[in-house]
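Undergrad: Right, I'll just put the structure down here and ask away after.
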Amino acid sequence: IIIYMLIVGWFQNFKTPIVMMVAIPLSLIGIVFGHWLLGAFFTATSFIGMIALAGVMVRNSVLLIDFIEIRLNEGIPLKQAIIEAGAVRTTPILLTTGAVVIGAVIILFDPIFQGLAISLVFGAIVSTLLTLLVIPLIYYMTEKKKWEHNKEVEDTE
């Protein structure tokens with residue numbers, strides 16, 4: 007809830023932060039898969055890893071959508087802005103994910119912190135891949151009418 011309120015304050019919008027927060031359930035796919043694959047129980051440290059990962063994944067969504075909105079405010083069409091955001095912001099997002107994965111792999115075989123590492127490694131990999139695909143699509147679907155309407159108004163003036 008705190009993350010949502012901070013994003014609402016930054017973007018001055020209630021709908022955009024919801025699109026950004028979609029990354030959190032996407033990370034659950036990787037977390038559940040990782041625990042299943044390694045035959046590990048979901049523990050308290052797994053939950054801590056999930057919470058830590060939520061912040062990183064929302065940050066990735068913020069990177070994408072902030073870039074899209076900057077380009078839209080420069081007058082770039084919505085589709086082109088989304089494509090450019092994917093091209094320009096993919097490298098920083100992948101670097102962040104790589105740092106999380108490398109850092110967590112170190113503790114993967116520690117019996118106490120294994121759940122944390124599984125959540126971070128598998129959640130980050132799966133959520134990053136899905137975030138790069140799903141978040142721009144959802145943003146396009148939610149903002150299409152607004153930006154097409156704005157373009158029509160500009161064309162008639």
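Okay, so the sequence shown: first residue is 7 according to the numbering used here, each after it adds one.
The beta-carbon is built from N, C-alpha and C at its ideal position, and this holds for glycine as well.
All values derive from a computational prediction rather than experimental measurement.
(1) Less than 8 Å between the CB atoms is what I'm expecting for Ala-29 and Val-64, so what's the real figure, rounded?
(2) Pro-23 by DSSP, collapsed to three states: which one?
(3) Does the distance from the CB of Ile-71 to the CB of Tyr-145 come in under 8 Å?
(4) Excluding five sequence neighbours on each side, which residues of the same chain lie with their C-beta closer than 6 Å to the C-beta of Leu-114?
(5) Looking at C-beta atoms only, is the number of pairs between the segment 131-147 and the segment 33-46 that lie closer than 8 Å three or more?
(6) Report yes if the C-beta distance between Leu-32 and Leu-136 is below 8 Å; otherwise report no.
(7) Helix, strand or coil for Pro-83? Go by DSSP, reduced to three states.
(8) In its own chain, which residues sit with a C-beta less than 7 Å from the C-beta of Val-107, not counting the 5 before and 5 after it?
(9) What's the call for Met-11, buried or exposed, on a 16-neighbour Cβ count within 10 Å?
(10) Since Leu-32 is in the alpha helix (DSSP H), which residue starts that stretch and which ends it?
(11) List the whole-angstrom C-beta distance separating Met-56 from Ser-125, where the pair is believed to meet the contact cut-off of C-beta under 8 Å.
(12) Roughly how many whole angstroms lie between the Cα atoms of Lys-152 and Phe-17?
TA: For this structure:
(1) Right, the Cβ-Cβ distance comes to about 6 Å (below 8 Å), so this counts as a contact.
(2) Pro-23: helix per DSSP, three-state reduction.
(3) Yes. Within cutoff.
(4) Excluding five sequence positions before and after Leu-114, the CB atoms of its chain that fall closer than 6 Å to its own CB belong to Ala-123, given in chain order.
(5) Three or more Cβ pairs drawn from the segment 131-147 and the segment 33-46 lie within less than 8 Å of each other, which places the two stretches in contact.
(6) Their beta carbons are under 8 Å apart, which means Leu-32 touches Leu-136 by this criterion.
(7) When DSSP states are grouped into helix, strand and coil, Pro-83 belongs to the coil group.
(8) Beyond the five residues adjoining it in sequence on each side, Val-107 comes within less than 7 Å, by CB distance, of Val-127, Ala-130, Ile-131 in the same chain, given in chain order.
(9) Met-11 should be labelled exposed.
(10) Per DSSP, Leu-32 belongs to the alpha helix (DSSP H) from 29-44.
(11) The C-beta distance from Met-56 to Ser-125 rounds to 5 Å, short enough to fall under 8 Å.
(12) Near 16 Å, if we compare the C-alpha coordinates of Phe-17 and Lys-152.
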